[in-house]
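Enquirer:
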Ligand code: CP
Ligand code: NVA
């Protein structure tokens, strides 16, 4: 089984045994890093990182990850490159492929990351698009494994706005054998296209996927409750949407309806007391949000180590 030169753009491009291999590699590299064992698997390799949107975690974890693997990362923004003056994605992909061994991109339009993958001759990693956030969900699944000892058969409930993060949860968690429930208000539920794709995956992997408009009903029996911002990058704040989503806030009252050992997740950055109350976010009996943030580093090192 070879992963070399594979793009990492969409979790649904991978089978369970392939995501398993990425996760196992990530756990292994995390152990090595904690023990101080050298793991310079990408000595002399360079990663081009294109950021069309802001980032703290993705930028720092990819850059530090490349350093720990013995390689090097370059931070590129449209304003400082010819992308900002109209050079096409296709031309940029071809040029960067002549210098670098791998490209990571955070973009608005998902077609920009698939365009890089189409024209680039090196692997392309999706560092978030408006449609998907696959690296985040790899770190999240790693975190769930650390806290719950596995993934298969667990119930994950995402409560909030259906977005790039919930789309990748639907795909990744279904592939790995989890039952997924999305709790979103009417008008903010997953698109038909995402539903169709996830339904097909859930048949293939014998899991359940459901979308409910009632968060209290949704969290019954939940092992994991996940939430994210009401307004993703590039979206305008909107009072009607905010009011609708406040009913889906993750707070003590909601989590009391889940299993007593439920864990609470958020990809961060959090908008405290909007989608997630501060008391729960800071309550280490439930909240694993900073473990998720740390695992971005290890999960992405696992991806880099296999595809480059
Ligand atoms: N979760 C995440 O992708 O964070 P950043 O926007 O800080 O990269
Ligand atoms: N859904 C959020 C995730 C941020 C990491 C956004 O796209 O802004």
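Residue numbers (my numbering): 255 to 562.
Ideal Cβ positions, reconstructed from N, Cα and C, are used throughout, including at glycine.
A quick note: this is a predicted structure, and the numbers were derived from the prediction, not measured.
1. For residue 289, report the span of its alpha helix (DSSP H) as first-last.
2. Quick one: what's residue 541 bridged to in DSSP?
3. Compute every distance between the C-beta of residue 289 and the non-hydrogen atoms of the ligand CP, then say whether any falls below 6 Å.
4. Per DSSP, what kind of secondary structure is residue 409 in: helix, strand or coil?
5. Could you tell me the distance, in whole angstroms, from the CA atom of residue 428 to the CA atom of residue 492?
6. Residue 300 by DSSP, collapsed to three states: which one?
7. DSSP three-state call for residue 433: helix, strand or coil?
8. Leaving out the 5 sequence neighbours to the left and right, which residues in its chain are closer than 7 Å to residue 505 when beta-carbon positions are compared?
9. Taking just the CA atoms, how far does residue 293 sit from residue 442?
10. Within the continuous alpha helix (DSSP H) that includes residue 606, where are the two ends?
11. Here's a check: name, in chain order, each residue in its chain whose Cβ is nearer than 6 Å to the Cβ of residue 393, leaving out the five neighbours to either side.
12. Per the contact definition of three or more C-beta pairs closer than 8 Å, is the stretch 400–418 in contact with the stretch 471–485?
13. Under DSSP, the beta strand (DSSP E) around residue 358 begins and ends at which residues?
14. Taking the C-alpha atoms as reference points, what is the distance between residue 510 and residue 524?
15. In chain order, what residues of the same chain have a beta carbon less than 7 Å from the beta carbon of residue 260, not counting five sequence neighbours either side?
16. Taking residue 350 as the reference, which of 363, 362, 336, 361 has the closest Cα?
17. Quick check on this structure: which residue in 516, 440, 472 has the alpha carbon closest to the alpha carbon of residue 494?
18. Following a CB-centred definition, is residue 522 positioned closer than 6 Å to any heavy atom of the ligand CP?
19. For the ligand CP, is there a heavy atom less than 6 Å away from the beta-carbon of residue 310?
20. Where do the N-terminal and C-terminal ends of the beta strand (DSSP E) with residue 464 fall, by residue?
Expert: This is what the structure holds:
1. On the chain shown, residue 289 is found 35 positions in, with the first residue counted as 1. Unbroken alpha helix (DSSP H) run through residue 289: 270–289.
2. Within the chain shown, numbered from 1, the residue matching residue 541 stands at position 287. Answer is 518.
3. Locating residue 289 in the chain shown gives position 35, counting from the first residue. Outside the cutoff, so no.
4. By one-based count along the chain shown, residue 409 stands at place 155. In this structure, residue 409 counts as strand in the three-state DSSP scheme.
5. Mapped onto the chain shown, residue 428 falls at position 174. Mapped onto the chain shown, residue 492 falls at position 238. When rounded, the distance between both Cα atoms is 31 Å.
6. Taking the first residue of the chain shown as position 1, residue 300 is located at position 46. Strand, per DSSP.
7. Looking up residue 433 in the chain shown gives position 179. Of the three classes helix, strand and coil, the one that applies to residue 433 here is strand, per DSSP.
8. In the chain shown, residue 505 corresponds to position 251, counting from 1. If we look at residue 505 and ignore the five residues flanking it on each side, its Cβ neighbours are 531, 534.
9. The count along the chain shown starts at 1 and reaches residue 442 at position 188. The count along the chain shown starts at 1 and reaches residue 293 at position 39. Approximately 43 Å between the Cα atoms of the pair.
10. The structure shown does not extend to residue 606, since the chain is modelled only from 255 through 562, so no value can be given for it.
11. Locating residue 393 in the chain shown gives position 139, counting from the first residue. Taken in chain order, the residues that qualify are 546, 549, 550, 553.
12. yes
13. For this step, residue 358 is matched to residue 104 along the chain shown. Element bounds for residue 358: 356–360.
14. For this step, residue 510 is matched to residue 256 along the chain shown. For this step, residue 524 is matched to residue 270 along the chain shown. Cα to Cα, the separation comes out at about 21 Å.
15. Taking the chain shown and counting its residues from 1, the one referred to as residue 260 is at position 6. These residues qualify, in order along the chain: 377, 561.
16. The sequence position of residue 350 within the chain shown is 96, counting from 1. Residue 350 has its Cα closest to that of 336, out of 363, 362, 336, 361.
17. Working through the chain shown from its first residue, we reach residue 494 at position 240. With distances taken between Cα atoms, residue 494 lies closest to 440.
18. The residue you call residue 522 lines up with position 268 of the chain shown. Residue 522: yes, Cβ under 6 Å from the ligand CP.
19. As a first step, residue 310 is located in the chain shown; it is residue number 56 there, counting from the start. Residue 310 Cβ: within cutoff of the ligand CP.
20. If you number the chain shown from 1, residue 464 lands on position 210. Note, residue 464: beta strand (DSSP E), 463–466.
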